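Peer 1: Starting off with a structure, shown below.
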Amino acid sequence: MTDSETRGGEPTDTALIARWRGGDERAATILVERHAPAVARFVASMGERGELEEVVQDTFVRAFGSLDRFREESSLRTWLFSIARNLCRDRARSNRRAQPMVSIEEDHALTAYDPLSAAVATETASRLHAAMDRLTEMQRAVFTLRVTEGLSYREIADAVETTEGAARVHYHNAVRSVKEYLDD
Amino acid sequence: MTECTNLEMRDLLPDYARGALVGAAVAAVERHLADCASCRAELAVVRNAQLVLGVTPRVDTSRIAAAVVRSAAVRRDATRSVAQARRRRMWTAPSSRRMWLAAASLVAVAGAAALATRSDEPKAVADSSPRITVQVDSPASPAPSGTAPSVPAQPAVQPTRNNELSVGGGLTDLADAQLESLLRELDRLDAQFEVEPANLLPVLEGDV
């Protein structure tokens with residue numbers, strides 16, 4: 037394995053994709069283990085709580101099903117975020133059609149997966165969720181990808197299909213909105 | 003509190019909060035934070051968000067990986083089935099029928115040409131050439147009086163190359179208009195019987 041195929045001793049995404057294309061199923065397992073946590077965090081912050089794992093799974097199934105179309109102009113993770121976001125939007129649309137919005141109790145939102153410690157599950161955390169719920173879907177995606185996942189504006193633009201400048205504007209609008217809500 | 007207008011510095015806050023900055027960038031941010039209450043408040047929001055939103059939900063990665071592998075296998079089988087269906091279609095599709103018809107016509111023409119070539123051999127021509135008798139009035143032997151003047155004889159049969167086969171129905175014998183008509187008819191047959199196997203298996207395409 038050459039240096040370009042490994043990073044820190046681990047095979048790169050590109051090398052694993054090549055192995056997958058060559059029939060190595062283990063490569064899929066490594067890629068899922070590597071990226072599923074970030075995708076799950078993103079899906080959760082987009083408001084998907086009930087069937088989070090199903091959305092994450094669909095994201096990977098779709099991604100691997102269309103790897104031929106992945107040109108590696110962006111990173112695999114960015115591409116996964118893009119697919120996950122589209123799935124979340126589709127589900128939100130169909131849920132709106134199927135049933136009225138049901139407000140999720142903030143406590144449930146905080147404790148449904150990996151309960152935060154009692155110290156963190158405070159009024160501030162609840163209010164942060166409430167502030168996030170007030171953001172537009174685009175603002176929420178951009179804010180999450182910048183703050184939680186540490187993506188650059190360029191990567192965010194690829195993931196949410198917008199321009200770098202627009203991503204920056206969405207981020208600062210989101211921060212302002214959250215701050216205002218928390219200051220009230 | 004007035005919002006800080008230093009967007010470059012504010013852009014660095016998420017990276018600073020995650021500990022992703024190094025060296026001079028860290029020092030620059032900390033200098034700015036020391037003087038900017040708005041950015042200190044924003045940093046607090048960012049840190050809270052990282053704490054709350056950074057919680058990783060539990061997902062069963064082995065189950066997800068298994069689903070990926072299973073889905074890929076199904077897709078591979080489906081692709082193979084489509085390829086087989088397309089290969090079968092090559093032999094039965096209307097467009098192939100047209101190809102076969104054209105090939106058959108060419109064989110017919112070629113066969114006819116071969117027969118014609120064989121019949122052009124000298125012996126055969128000599129034996130079978132039409133015998134044309136032409137009676138020619140000779141000035142030296144005037145017609146007997148009372149008889150009608152003789153008319154220059156026309157051969158009863160136009161001297162064509164005998165035994166030349168007509169390949170009526172062969173493409174080379176058809177005029178342009180007839181060819182056009184034949185092609186239109188073939189196209190009409192195509193339209194009547196065209197069934198795309200791919201259409202019967204919509205799930206195999208555009209599934210993503």
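Protein sequences, first through last, are from chains C and W. Going by the working numbering, the first residue of the first sequence is number 37, and it counts up by one from there. Going by the working numbering, the first residue of the second sequence is number 3, and it counts up by one from there. C-beta atoms are modelled at their ideal positions from N, C-alpha and C, and glycine is treated no differently. As the structure is a computational prediction, the values presented were derived from the model and not from experiment.
State yes or no: is the beta carbon of W:Gln52 nearer than 9 Å to at least one beta carbon in chain C?
Peer 2: Translated into the one-based positions of the second sequence, residue 52 of chain W becomes position 50. By this cut-off, W:Gln52 is an interface position.
Peer 1: Would you say C:Pro47 lies against chain W (beta-carbon separation less than 9 Å)?
Peer 2: Mapped onto the first sequence, residue 47 of chain C falls at position 11. Not one chain W Cβ lies under 9 Å of C:Pro47.
Peer 1: Could you tell me whether the Cβ of C:Glu61 comes closer than 9 Å to any Cβ of chain W?
Peer 2: As a position in the first sequence, residue 61 of chain C is number 25, starting the count at 1. With 9 Å as the cut-off, C:Glu61 counts as an interface residue toward chain W.
Peer 1: Going along chain W in order, which residues have a C-beta closer than 9 Å to the C-beta of C:Phe117?
Peer 2: Position 81 of the first sequence holds residue 117 of chain C. By Cβ distance, chain W contributes nothing, its closest Cβ being about 14 Å from C:Phe117, past 9 Å.
Peer 1: Here's the rule I'm using: 16 or more other beta-carbon atoms within 10 Å means buried, otherwise exposed. How should W:Gln180 be labelled?
Peer 2: Residue 180 of chain W sits at position 178 when you count from the first residue of the second sequence. Its Cβ having fewer than 16 others within 10 Å, W:Gln180 is exposed.
Peer 1: What alpha helix (DSSP H) runs, 4 residues minimum, are completely inside the region 8-85 of chain W?
Peer 2: Complete alpha helix (DSSP H) runs here, min 4: 9-20, 26-37, 39-55.
Peer 1: Please confirm whether C:Met168 has its beta-carbon closer than 9 Å to some beta-carbon of chain W.
Peer 2: Position 132 of the first sequence holds residue 168 of chain C. It does; some Cβ of chain W falls within 9 Å.
Peer 1: Exposed or buried, which one is C:Arg182 when buried takes at least 16 other CB atoms within 10 Å?
Peer 2: Position 146 of the first sequence holds residue 182 of chain C. That one is buried.
Peer 1: Report the neighbours of C:Val92 on chain W: residues whose CB is nearer than 7 Å to its CB, in chain order.
Peer 2: The sequence position of residue 92 of chain C within the first sequence is 56, counting from 1. Those within 7 Å of C:Val92 in chain W are Val61, Ile66.
Peer 1: Could you check what DSSP says for C:Arg129 in three-state terms: helix, strand or coil?
Peer 2: As a first step, residue 129 of chain C is located in the first sequence; it is residue number 93 there, counting from the start. Helix at C:Arg129.
Peer 1: Taking 8 Å as the cut-off, is the beta-carbon of C:Arg85 closer than that to any non-hydrogen atom of the ligand GTP?
Peer 2: The ligand GTP is not among the ligands present in this structure, which contains no ligands whatsoever.
Peer 1: So with CB distances below 8 Å, who are the chain C contacts of W:Glu44?
Peer 2: Counted from its first residue, the second sequence places residue 44 of chain W at position 42. Neighbours of W:Glu44 on chain C, chain order: Val211, Lys215.
Peer 1: What does the alpha-carbon distance come out to for the pair W:Thr162 and W:Arg89?
Peer 2: By 1-based counting over the second sequence, the position of residue 162 of chain W is 160. By 1-based counting over the second sequence, the position of residue 89 of chain W is 87. Because W:Thr162 sits at a pLDDT of 45, beneath the cut-off of 50, its placement in the model cannot be relied upon, and the point is left open.
Peer 1: Hey, would you say W:Glu44 sits closer than 9 Å to C:Val68, going by beta carbons?
Peer 2: In the second sequence, counting from the first residue as 1, residue 44 of chain W sits at position 42. In the first sequence, counting from the first residue as 1, residue 68 of chain C sits at position 32. Cβ distance not < 9 Å, so W:Glu44 and C:Val68 don't count as in contact.
Peer 1: Find the nearest neighbour of W:Cys38 within the set W:Cys6, W:Ala106, W:Val71, judged by alpha-carbon distance.
Peer 2: In the second sequence, residue 38 of chain W corresponds to position 36, counting from 1. The option with the nearest alpha carbon to W:Cys38 is W:Cys6.
Peer 1: Assuming C:Gly186 and W:Asp17 are in contact, meaning their beta carbons sit under 8 Å apart, how far apart are those beta carbons, in whole angstroms?
Peer 2: Within the first sequence, residue 186 of chain C is the residue found at index 150, counting from 1. Within the second sequence, residue 17 of chain W is the residue found at index 15, counting from 1. With a Cβ gap of about 6 Å, C:Gly186 and W:Asp17 count as contacting.
Peer 1: Looking at chain W, is there any beta carbon in it that lies within less than 9 Å of the beta carbon of C:Val178?
Peer 2: The residue you call residue 178 of chain C lines up with position 142 of the first sequence. No, its Cβ sits nowhere closer than 9 Å to a Cβ of chain W.
Peer 1: Within this structure, are the beta carbons of C:Pro73 and W:Thr81 separated by less than 9 Å?
Peer 2: Reading the first sequence from its first residue, position 37 is the one you call residue 73 of chain C. Reading the second sequence from its first residue, position 79 is the one you call residue 81 of chain W. The answer is no: Cβ separation not under 9 Å.
Peer 1: Whose Cβ in chain W lies nearer than 8 Å to the Cβ of C:His165?
Peer 2: If you number the first sequence from 1, residue 165 of chain C lands on position 129. Ordered by position in chain W, the residues that pass the 8 Å Cβ test against C:His165 are Val54.
Peer 1: Taking any Cβ of chain D, which residues in the region 74-90 of chain W have a Cβ under 8 Å from it, in chain order?
Peer 2: The chain labelled as chain D is not found among the protein chains of the depicted structure, namely C and W.
Peer 1: Whole angstroms are fine: how far does the CA of C:Asp60 sit from the CA of W:Arg99?
Peer 2: For the purposes of this step, residue 99 of chain W is taken as the residue at position 97 of the second sequence. For the purposes of this step, residue 60 of chain C is taken as the residue at position 24 of the first sequence. So the two alpha carbons sit approximately 43 Å from each other.
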